[in-house]
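According to our numbering, the sequence shown holds residues 1133 to 1324 in order. Written out below as structure tokens is the structure these notes cover.
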Amino acid sequence: MLHDLDNTLETLLRQELPAEMVAATQISFAAPDAESIGSRPAINLFLYDVRENLELRSGFESFERRGDGTAVRVRPAVRVDCSYLITFWPKETDGRSVPKDEHRYLGMVMKALLRYRKLPAELLQGDLAGQEPPLHTVSLQSGYLNSMGEFWQAMGGKPKVAINYTVTISVPVHGEGEIVPLVMESRLSTAG
């Protein structure tokens, strides 16, 4: 499912960003450092955290009636927050990057993502297609990183401007559901 989310986000950015930017840049999901990005300018979406969204946890089962006097007990999917750290890696000139280019391109990425509070259904890839409820996004929140400085130090690089972006997906973990009989009549008796 995570690769389907990566593919969905890449499709969204390729659709929403200016054509000249899409043609001149690559979209990468590698660790955010210059060596893994390559020589072309790149938009990097680094999936740094995947965790269950406990606020959206549901213990309620649903029952779907069938025509044969039975129903299927369907347990709810687990809601999972997938958090990305998005950076832009401009092409270096004379061994240095140009911060204005980095900020301009990252600003275009930010604008494209902020257009959607839910990922458009027609862009959802693979197992994400047709998910209910819709895939909600959260942009520009603090995310789950405690310290950006510590993050960049752990990555062995210099700090960069970054966007936190979280998408909540549904992960069906209970299979097809359990067939159960329906109650078709009730009887009331009185003790006499």
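Note that CB positions come from ideal geometry on N, CA and C, so glycine has one too.
- Look at asparagine 1139 here: in three-state DSSP terms it is helix.
- Note on geometry: alpha-carbon atoms of threonine 1219 and arginine 1247 lie some 18 Å from one another.
- Just so you know, the alpha carbons of alanine 1162 and leucine 1137 end up roughly 15 Å apart.
- Ranked by Cα distance from tyrosine 1237, the options Leu1267, Gln1147, Val1154 and Pro1291 are led by Val1154.
- Residue state for valine 1154 is assigned as helix, using DSSP reduced to three classes.
- For alanine 1294, no beta strand (DSSP E) segment is defined, and its DSSP state is neither H nor E.
- Taking the C-beta atoms as reference points, valine 1182 is found nearer than 8 Å to valine 1212.
- Note that the C-beta distance between leucine 1217 and alanine 1166 is not below 8 Å.
- Closest option to threonine 1143, judged by alpha-carbon separation, among Gln1257, Ser1171, Arg1172 and Met1240: Gln1257.
- Between valine 1210 and valine 1303, the C-beta gap is smaller than 8 Å, which places the two residues in contact.
- If the five residues before and after asparagine 1139 are omitted, its C-beta is found closer than 6 Å to the C-beta atoms of Gln1257, all from its own chain and listed in chain order.
- Beta-carbon to beta-carbon, isoleucine 1175 and threonine 1202 are separated by about 50 Å, too far to satisfy the 8 Å threshold.
- A direct Cα-Cα distance of roughly 27 Å separates isoleucine 1159 from glutamate 1264.
- Tyrosine 1297 is a Cβ neighbour of leucine 1245, given a cutoff of 8 Å.
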